[in-house]
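Asks:
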Amino acid sequence: MTNLFFVKKGRLITPSLSCGLLPGTVRNYLISRYDVEERVVFPEEIGDFDEAFVTNALMGMLPVRQLDDVAYGEKSVWEAVWRDYHDLLRQALDWPVL
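Residue numbers (our numbering): 1304 to 1401.
#1: Just list the beta strand (DSSP E) runs in the segment 1324-1393, keeping only unbroken ones of 3 residues or longer that don't cross its boundaries, in chain order.
#2: CA-CA distance, Ser1321 and Glu1377?
#3: Starting from the Cα of Ala1374, find the closest Cα among Val1339, Phe1352, Ser1319, Val1329 and give me that residue.
#4: Since Ala1360 and Thr1328 should fall inside the 8 Å C-beta cutoff, what is the C-beta to C-beta distance between them, to a whole number of angstroms?
#5: Name the one or two DSSP bridge partners that Leu1307 has.
Structural data, given as structure tokens:
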């Protein structure tokens, strides 16, 4: 199972669990660490977002390049969130610095 996050003007948005998502570990981490807006996301909004990325425990976080006809070029928020999460894992698992 994968969870989806969007970014609009620097703010993280994710569909609420009522939309059929599971409370994944990476999703829960992001919600506990950042100001994340949980709400219903409608298909017609997809073009309004600046960035999108998916999360799950196996792969961590990956940026979304395109949904339907909407391409996401900006990745600055995803990169910052990914670095933060990677640093947490590196410290917890004693990984080398990349």
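Ideal placement from N, C-alpha and C gives every residue a C-beta, glycine not left out.
These numbers come from a predicted model, not from an experiment.
Replies: In this structure, then:
#1: 1339-1342, 1354-1359, 1363-1366
#2: As a first step, residue 1321 is located in the sequence shown; it is residue number 18 there, counting from the start. As a first step, residue 1377 is located in the sequence shown; it is residue number 74 there, counting from the start. One C-alpha to the other measures close to 28 Å.
#3: Taking the sequence shown and counting its residues from 1, the one referred to as residue 1374 is at position 71. The residue with the shortest Cα to Cα distance from Ala1374 is Phe1352.
#4: Within the sequence shown, residue 1360 is the residue found at index 57, counting from 1. Within the sequence shown, residue 1328 is the residue found at index 25, counting from 1. The Cβ separation is near 5 Å, so the contact holds.
#5: Counted from its first residue, the sequence shown places residue 1307 at position 4. For Leu1307, which the question treats as bridged, DSSP gives the partners Val1357.
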